[in-house]
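All residue numbers for the sequence shown refer to the numbering used here, where the first residue is 2 and numbers rise by one.
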Amino acid sequence: MKAIREYFTSKRQLNYLRISALIFVAAMLLTSYLNRHLGILSFKWGVIIVVISLIPALIITTINYILADGPERKQYRIRLYLGVIVFSIIGYLRYGI
């Protein structure tokens with residue numbers, strides 16, 4: 002269990018989380034461009050692509066939250082809450098969900 006905890010809270014995992022966040026932003030920008038400027042992507046598929054791109058970041062953060070101890074657990078809980086809040090705000094502003 003300790004080895005699993007160390008793996009998921011390592012710097013490499015934080016890099017995976019950053020890459021996941023960049024994938025989410027890139028997917029959001031790409032779907033916005035394809036939908037609004039070119040008109041070749043439907044609204045439904047834009048929402049699906051953005052939601053799928055957010056899943057890896059939420060999975061990594063959830064695993065880190067489950068395996069963390071003490072103050073680290075609070076840090077990951079805050080990240081989870083911020084992720085959900087940011088996703089909700091983006092969904093509301095962009096899609097009216």
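Backbone N, C-alpha and C define an ideal beta-carbon position, used for all residues, glycine too.
None of the values given here were measured: they were computed from a predicted structure.
- Cβ contact annotation for Tyr66 (same chain, cutoff 7 Å, sequence separation greater than five): Arg74, Tyr77, Arg78 and Leu81, in chain order.
- The C-beta separation of Thr32 from Val52 comes to about 10 Å, leaving the pair out of contact by the 8 Å criterion.
- Pro57 and Ser21 do touch by the CB rule: their CB atoms are close to 4 Å apart, below 8 Å.
- The DSSP-derived three-state label of Ala69 is coil.
- A direct Cα-Cα distance of roughly 5 Å separates Phe25 from Ser54.
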